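Worksheet: the structure to be examined is printed underneath.
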Amino acid sequence: MILELSVTDVAPDRDAVLTSLGIPPERAVPAHIDALYTAATNRLAETAAPIGIVSSITTAEFETVYDGEGHNEPDSVVADVYPRAPHLALFAVTLGADTSRAITTGFASHDFALASMLDAVASDVADRAADVLERRFEAALKENGRLADDGAALRYSPGYCGWHVSGQKRLFRHLEPEQIGITLTDSCLMQPLKSVSGVIVAGPKEVHRFSPNYSFCRHCETHSCRERLRALFGRQYPDQHGDPS
């Protein structure tokens, strides 16, 4: 299923964008940074054409996709989670080539400040577009009575949670996101750059319960899974189950 998204569906989170640039919410934002943020969001609104694709997949089919080229971590969140879930779907979403081109052009013309801000805003918006696909898949399952009201869908992507980035190759073969303009380089980099792909795992929320203390967690730069787990299980999670920090 191909889904066209509105830019208003995926509005950036100002605090998240600025935090990614080293400016936490509690710090006063300089006026020139505020102006750059406004300019970047305006530029994004002019260039972004978010579109996604979602396709259900069986557990057996996903096992083949996940195994990829055999480079996954031996202890993997994804490998622990997906066999417990009754519903899986591959997905990909992109903001389109124009946004990536605007970022590249900005850096090439030495407008580093605006290009960096646009890059950060676009990264945030691409993630939010993936969140929209996740929510729509969850909502569709609930509307059809295939997922309980307290069930949950969460997405996992190659390159994270023990799933090697080379998993993109089989994911692309199965999903064919070229239909929405996303291609894959030999090094498994998606083009356009502001694209996200992976698997949406849906079922009882307990499916997603895990402690983020896998061997690779210490190398993670974002630890974004913690906030997603806390949204499901409460603010004390995952500290009470083993916080690696």
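Numbering (the working numbering), first residue to last: 1 to 245. Every residue gets a Cβ at the ideal spot worked out from N, C-alpha and C, and that includes glycine. Predicted model, so just to flag it, every value in this text is computed and none were measured.
Backbone secondary structure at residue i - three-state DSSP
{"i": "I23", "result": "coil"}
{"i": "Y315", "result": "Outside the modelled stretch of the chain, which goes from 1 to 245, sits residue 315, for which no answer is possible."}
{"i": "P204", "result": "strand"}
{"i": "S197", "result": "strand"}
{"i": "H87", "result": "strand"}
{"i": "V29", "result": "coil"}
{"i": "A92", "result": "strand"}
{"i": "E4", "result": "strand"}
{"i": "G106", "result": "helix"}
{"i": "S55", "result": "strand"}
{"i": "R43", "result": "helix"}
{"i": "T222", "result": "coil"}
{"i": "S76", "result": "coil"}
{"i": "D111", "result": "coil"}
{"i": "E227", "result": "helix"}
{"i": "E69", "result": "coil"}
{"i": "Y37", "result": "helix"}
{"i": "R235", "result": "coil"}
{"i": "D98", "result": "helix"}
{"i": "A126", "result": "helix"}
8 Å contact criterion, which residue i and residue j should meet: CB distance rounded
{"i": "P212", "j": "A148", "result": "The pair is not a contact, with the Cβ atoms about 25 Å apart (cut-off 8 Å)."}
{"i": "G151", "j": "A120", "result": "Going by Cβ atoms, the distance from G151 to A120 rounds to 33 Å, so no, they are not a contact pair."}
{"i": "L95", "j": "G106", "result": "Not really, about 15 Å apart at Cβ, beyond 8 Å."}
{"i": "Y82", "j": "T59", "result": "7 Å"}
{"i": "L36", "j": "F62", "result": "About 41 Å separates the two Cβ atoms, so there is no contact after all."}
{"i": "G162", "j": "F216", "result": "6 Å"}
Cutoff 7 Å; reference residue i; Cβ partners in own chain excluding five residues on either side
{"i": "A102", "result": "R43, T47 and L118"}
{"i": "D80", "result": "F210"}
{"i": "G68", "result": "H164, S166, G167, K169 and R170"}
{"i": "F137", "result": "V54, A89, A153, I200 and A202"}
Proximal residues to residue i (C-beta, below 8 Å), its chain only, five neighbours per side dropped
{"i": "I23", "result": "V29 and I33"}
{"i": "K142", "result": "A148, D149 and G151"}
{"i": "D124", "result": "P12, D13, A16, V17 and S20"}
{"i": "Q179", "result": "I2 and I53"}
{"i": "H174", "result": "S55, I57, E61, V65 and L90"}
Other residues of its chain near residue i: CB distance less than 6 Å, five sequence neighbours each side excluded
{"i": "E188", "result": "The sequence as given places Cys at residue 188; Glu does not occur at that position. The residues are V165, S166 and Q168."}
{"i": "S100", "result": "P192, L193 and K194"}
{"i": "V93", "result": "G52, A129, A130, L133 and V196"}
{"i": "R230", "result": "Y237"}
{"i": "A40", "result": "M117, L118 and V121"}
{"i": "S56", "result": "A89"}
Cross-strand partners of residue i (DSSP beta bridge)
{"i": "L184", "result": "M190"}
Proximity test, residue i beta-carbon vs the ligand GTP heavy atom, cut-off 8 Å
{"i": "S197", "result": "Among the components of this structure there are no ligands whatsoever, and the ligand GTP is therefore not found."}
Run through the stretch 132-182 for me and flag every whole alpha helix (DSSP H) of 4 or more residues, listed as ranges in chain order. Taken in chain order, the whole alpha helix (DSSP H) runs of length 4 or more contained in the stretch 132-182 are 168-175.
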